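Reading the sequence shown from the start, the letters are residues 54 to 144 in the numbering used here. C-beta atoms are modelled at their ideal positions from N, C-alpha and C, and glycine is treated no differently. Keep in mind that this is a model prediction, so the values were computed, not measured.
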Amino acid sequence: MYAGFLPDLAKRYQAYLDGTNQMQDEPTVRVIERVLSDFQRMQADYQQFRDRRPDLRPKGKGWQGRFESIAKAPADFIAFRPAPPQTLERV
54 MYAGFLPDLA
64 KRYQAYLDGT
74 NQMQDEPTVR
84 VIERVLSDFQ
94 RMQADYQQFR
104 DRRPDLRPKG
114 KGWQGRFESI
124 AKAPADFIAF
134 RPAPPQTLER
144 V
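Put into structure tokens, the structure is as follows:
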């Protein structure tokens, strides 16, 4: 998770910050900046843990690539679709 999903999520959040009007969306920008800061700390903690406990590292190869491909699969999480037709008759 720390090696696959968090970097991808951090890229998505950074892309949001790069594309938003930071003045109009200031509360969300502050939250996301804080989250990105936390992600950096979490990744540093994860690296320290891996250095201390190499016996707990995943044994197989390719696991990080699988995480990355899963995280990259959906470009957008919201699927826009037309409104359903009216089903109620008006009186």
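Please state whether DSSP places residue i in a helix, a strand or coil.
i, result
"Asp108", "helix"
"Gly57", "coil"
"Gln115", "The amino acid at residue 115 is misidentified as Gln; the sequence shows Gly. In the structure shown, Gly115 sits in coil (DSSP, three-state: anything other than H, G, I, E or B)."
"Ala136", "coil"
"Met76", "coil"
Check each candidate in the options and name the one with the smallest Cα separation from residue i.
i, options, result
"Ala63", "Asp91, Glu79, Gln100", "Asp91"
"Ala56", "Arg103, Asp108, Gln139", "Arg103"
"Arg83", "Phe120, Met95, Tyr69", "Tyr69"
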